[in-house]
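In this note's numbering, the protein residues as written are 4 to 154.
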C-alpha cells in the first residue's frame, strides 16, 4: 500500500459514522476557510501576496506529491475557499468560521463516532482531512479498510 492509501485508510478508520462524515463535510471547509481568512492578514513582500497564498501553495504541493490526480482535484475547492476569504476580507469572520468548524468536528467525534480525532495520533491527519473529503466525493483512490482505532 502506498503512502496516500495508508494515510487515507488510517484517517478513514476514525471516520466511519455517517453523522461524523456529514459534520466533517461542513467542519473541514469552515476550518480551511478560517485559516485562509486569518492568514490573509499577513502580507508578504511580493505584491498582492499574503501568507494565505503560501499556505495554499504548500498544501497543494504536498497533496500533489502524495497523489497527482487527488492533489489536482483539491485545487478547485481550496481555490474557492481562498477566493471567498479574499472577497470577505475579514479575519473576524475567519476566526468565527474556524471555531464553528471545530465545533462540527467535535460533535462528529463525540456524538456519532465516539472516538478521538485522528490528528491526536498523527498530526499529518490535519492535512489529510481535506484530501479524504475530496476522495470520498470523487472516489479517485480506492477505499481501503484499516484497523479500527484503539480507544
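Using N, Cα and C, we set each Cβ at its ideal position, and we do this for glycine too.
- Counting other Cβ atoms within 10 Å of its Cβ, residue 116 reaches 16 or more and is therefore classed as buried.
- 8 Å or more divides the Cβ of residue 14 from the Cβ of residue 107.
- Residue 128: member of the alpha helix (DSSP H) spanning 128 to 141, first to last residue.
- The distance from the Cβ of residue 97 to that of residue 26 is about 20 Å, inconsistent with a contact at the 8 Å cut-off.
- Residue 10 has its alpha-carbon roughly 25 Å from the corresponding atom of residue 55.
- Straight across, the Cα-Cα distance linking residue 61 with residue 145 is about 25 Å.
- 65 is the residue among 65, 70, 50 whose C-alpha sits nearest the C-alpha of residue 129.
- Taking a C-beta distance under 8 Å as the contact criterion, residue 94 and residue 41 qualify as a contact pair.
- In this structure, DSSP gives residue 46 an extended state, which the three-state scheme calls strand.
- Rounded to whole angstroms, the gap between the alpha carbons of residue 126 and residue 51 is 31 Å.
- For residue 76, the closest C-alpha among the options 140, 92, 44 is that of 140.
- According to the DSSP assignment, residue 16 belongs to the alpha helix (DSSP H) that extends over 6 to 16.
- Cβ neighbours of residue 37 within its own chain (closer than 7 Å, five residues either side excluded): 97, 98, 100, 101, 104.
- Rounded to the nearest whole angstrom, the CA to CA distance from residue 59 to residue 124 is 24 Å.
- For residue 65, the enclosing alpha helix (DSSP H) covers residues 54 to 69.
- Within the same chain, 39, 55, 56, 59 come within 8 Å of residue 85 by CB-CB distance, once the 5 residues on both sides are set aside.
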